[in-house]
Structure formats: C-alpha cells, structure tokens
Amino acid sequence: MEQTLRGTIILGDEFEPVDGYITIENGIIKNIEESNVSTETIIAPCFVNAHTHIGDSVIKDPPRMPLAELVQPPDGLKHRILKETSHDDLVGSMKASIDDMIKTGTCAFADFREGGMAGVMALKEALKTPYLNTGTGKIEAKILGRPLAREMDYLDSCDGTGLSSTNDLEMDLIKDIVTHTRKKGKKFAIHAGERETSDISHALELEPDFLIHMTHAADRDIKAVAAADIPVVVCLRSNLMTGSGLPPIKKMLDEGILVAAGTDNVMLNSVNMFSEIIATRLTLLTSMSLVLRYSPTN
Numbered sequence: 000m001e002q003t004l005r006g007t008i009i010l011g012d013e014f015e016p017v018d019g020y021i022t023i024e025n026g027i028i029k030n031i032e033e034s035n036v037s038t039e040t041i042i043a044p045c046f047v048n049a050h051t052h053i054g055d056s057v058i059k060d061p062p063r064m065p066l067a068e069l070v071q072p073p074d075g076l077k078h079r080i081l082k083e084t085s086h087d088d089l090v091g092s093m094k095a096s097i098d099d100m101i102k103t104g105t106c107a108f109a110d111f112r113e114g115g116m117a118g119v120m121a122l123k124e125a126l127k128t129p130y131l132n133t134g135t136g137k138i139e140a141k142i143l144g145r146p147l148a149r150e151m152d153y154l155d156s157c158d159g160t161g162l163s164s165t166n167d168l169e170m171d172l173i174k175d176i177v178t179h180t181r182k183k184g185k186k187f188a189i190h191a192g193e194r195e196t197s198d199i200s201h202a203l204e205l206e207p208d209f210l211i212h213m214t215h216a217a218d219r220d221i222k223a224v225a226a227a228d229i230p231v232v233v234c235l236r237s238n239l240m241t242g243s244g245l246p247p248i249k250k251m252l253d254e255g256i257l258v259a260a261g262t263d264n265v266m267l268n269s270v271n272m273f274s275e276i277i278a279t280r281l282t283l284l285t286s287m288s289l290v291l292r293y294s295p296t297n
C-alpha cells in the first residue's frame, strides 16, 4: 500500500524543515521530494515519551514543597492523593493525558504505574478507549508497575517494574522485587540521582534495563553507567520545575550513553514532547556555548 503526504517534512538528524511530498510504501519511506506546498501539516517521526507518571493527571498545580515531600513514597503528597482518588477519576484523568500525547505527536510511552495491580489495570482500562486504538489515535504503552504491600501479582499484567530511588525502600525488598521481575522475564527500571548522588551506585548494583533522571550524576557515575551500557531517561522540564537541577546530558552523550527524554510527572508538566525537545535542545546548546566560552585558547 502506497501513501503520499504533503507538508513541512522534518528531515534528517538536524531536523531540517523541508516543504514537499513524502511517499510511504508498506510503512517504509520510499521518496522525499522538495516542492512548494500550501498546507500547515507537519510530517515528522512520532515521539516516544520514555518516562511518565500519568496517574498524576489527577493532581494539578500542587503547592511548592521539597521534592521528597511531593513524590516520595509512601507518604508524599502525590501518593496520598492517589490513595484517595476513585478508580473512575483516575482512569478519566489518564485518558485525558493519553489524548494529549496523541494530539502532540507521541505514539508510544513508558509509564511508571503506582498502585500495584489496581494501578496497572486502571491504565490498561484507559488505553482501551476506542479512539485511542484506531487511525492516527494509535498509541503504544509500556507499563512498569510496582508492588503494593509486597504483592507481586502486578507482574502478570504489565511489562515490568519501575521503582523510585533505592533510598526510598529497604534494599532487601528492592532486590526481592528485582528477582521476581527477572523471573517473569520483564524489564526493570529505577530512578537514580534525582535528589542526590548516593542512590546511583546502589541502582547500578541492581543492573537495571534503564535509569531515570541522573540529574546529580558526577563524572564517575556517568562513566560507570557508560561502562555498564545502561540507557538513561532524562526529564529536564520536570527537574527544573522541582528545583532538582539540570541533568548532565552532554557529558552522558560524550560518554556514549543512550539518552532518551520523558516528561515525568503530569501534575507539574505537560506530556507535550515538542516542549521537552525544545528545552533539551536549548540546554545542550547552552552547555556547548559555555564550554566554548571558557575553554582555554592558545
């Protein structure tokens, strides 16, 4: 099946905007032709939002407070509100965030789903909305749950486990969760370096499939992650909103780490990946400018 689209094509690694036509055959781009076109359509690869907490959609504009008081389990503000939220309200708010992702060009996302089996099933219900699975509304979700009261049954209904910092749980419990996750052949990911550096080495001991944040990673941490060949998801706008700081993206890239981007907590941040990419690109350009400005010259 062949399809021809016209519009402004976002082309190549430099995302150069080119007006013209693009021909797709059986899902493969066969031809790109530059031409003057009269349309506001933008043609670009769809986005992968590599880290979300869309259950947070029930919370909007929380009061300013230290990050730990806002998100740390089990008693952070976010977790208290999630416990008090009805199933229907939770599903409805997640549907709204999924709809926003689709409308802003995201075709896949990876969600850290709190609430054990009930939390996982709520997101699955939100994804069953008919318009989300047809035509331009199609979206894929990777759901990384977490246990509630040490119950591991959630692993039978999702893609793996996504945990908060090793500083938030007993290490023996975390290792038990990792063991159950691996026995099921599922993925394991964890936050590290968001508030400080102390949890990074412990996270690496767990051999995760990927890490989230690494905002406060020192050079030795970045080298250790690179040596272990572990990808990192950065959440730049979220880190700025919580006052956590800026992740050392350029240093990670220079060490050969695979870096992805996510929008993180919906209570603070929109799921719009255009905004995330703009913020990330500006940060990278600023970092490069500072390096050039302060590098010694001969």
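Each residue of the sequence shown is one higher than the one before, counting from 0 in numbering that gives the first Met the number 0.
C-beta: ideal position from N, C-alpha, C; glycine also.
Keep in mind that this is a model prediction, so the values were computed, not measured.
Query raised in the report: Relative to the C-alpha of Gly161, which residue among Met151, Glu139, Phe187, Met170 is closest?
Result: Nearest of Met151, Glu139, Phe187, Met170 to Gly161, Cα basis: Phe187.
Requested in this report: Would you mind reading off the limits of the beta strand (DSSP E) that contains His50?
Outcome: Per DSSP, His50 belongs to the beta strand (DSSP E) from 46-52.
Query raised in the report: From which residue to which residue does the beta strand (DSSP E) around Gly161 run?
Result: For Gly161, the enclosing beta strand (DSSP E) stretches over residues 159-162.
Query - Own chain, CB closer than 8 Å to Lys185, minus 5 neighbours either side, in chain order - result: Counting only Cβ-Cβ distances below 8 Å, and skipping sequence neighbours, we find Leu154, Cys157, Asp158, Gly159, Thr160.
Report task. Excluding the 5 residues preceding and the 5 following Val265 in the sequence, name in chain order all residues of the same chain whose CB lies nearer than 6 Å to its CB. Result -> Excluding sequence positions up to five before and after Val265, its CB lies within less than 6 Å of the CB of Ile53, Asp55, Ser56, Ser96, all in the same chain and listed in chain order.
Query raised in the report: Per DSSP, His212 is paired with what?
Result: Partner(s): Ala191.
Query raised in the report: Looking at the structure shown, is Lys185 part of a helix, part of a strand, or coil, going by DSSP?
Result: In this structure, Lys185 counts as coil in the three-state DSSP scheme.
Query raised in the report: What does a CB cutoff of less than 8 Å around Thr279 pick up in its chain, not counting 5 residues either side in sequence?
Result: Annotation for Thr279: Val233, Leu235, Ile248, Ala260 place their beta carbon closer than 8 Å to its own, counting only its chain and skipping 5 residues before and after.
Requested in this report: Just the C-alpha distance for Asn132 and Val119, rounded to the nearest angstrom, thanks.
Outcome: Caution applies to Asn132, whose pLDDT of 47 falls short of 50 and renders its modelled position unreliable; the value that the coordinates give is listed next. Each residue's CA atom was taken as its position, placing Asn132 and Val119 some 18 Å apart.
Query raised in the report: Ends of the beta strand (DSSP E) at Gly118?
Result: Taken as a continuous stretch (DSSP letters only), Gly118 belongs to no beta strand (DSSP E), being part of the alpha helix (DSSP H) at 115-126.
**Report entry** Check whether Pro146 and Ile189 have beta carbons under 8 Å apart
**Finding:** Against a cut-off of 8 Å, the Cβ pair of Ile189 and Pro146 comes out as no contact.
Query - Distance between Met93 and Ser237 (C-alpha atoms, nearest Å) - result: Those two C-alpha atoms are separated by around 18 Å.
Query raised in the report: Touching or not, the region 266-273 and the region 102-120, by the rule of three or more beta carbon pairs under 8 Å?
Result: Verdict: yes, contact present.
Report task. Within the same chain, show all residues whose beta-carbon is closer than 8 Å to that of Asp99, passing over the 5 residues directly before and after it, in chain order. Result -> Around Asp99: Ser269, Val270, Asn271.
Report task. Kindly identify the DSSP beta-bridge partner or partners of Lys141. Result -> Answer is Ala109.
**Report entry** C-alpha gap between Thr3 and Ile42, whole angstroms
**Finding:** Those two C-alpha atoms are separated by around 11 Å.
Report task. Kindly list the residues whose CB is nearer than 6 Å to the CB of Ala225, restricted to its own chain and excluding five residues on each side of it in sequence; keep chain order. Result -> Cβ neighbours of Ala225 beyond the five flanking positions: Glu254, Gly255, Ile256.
Query raised in the report: Would you call the CB atoms of Gly144 and Arg181 closer than 8 Å?
Result: Taking 8 Å as the Cβ cut-off, Gly144 and Arg181 do not qualify as a contacting pair.
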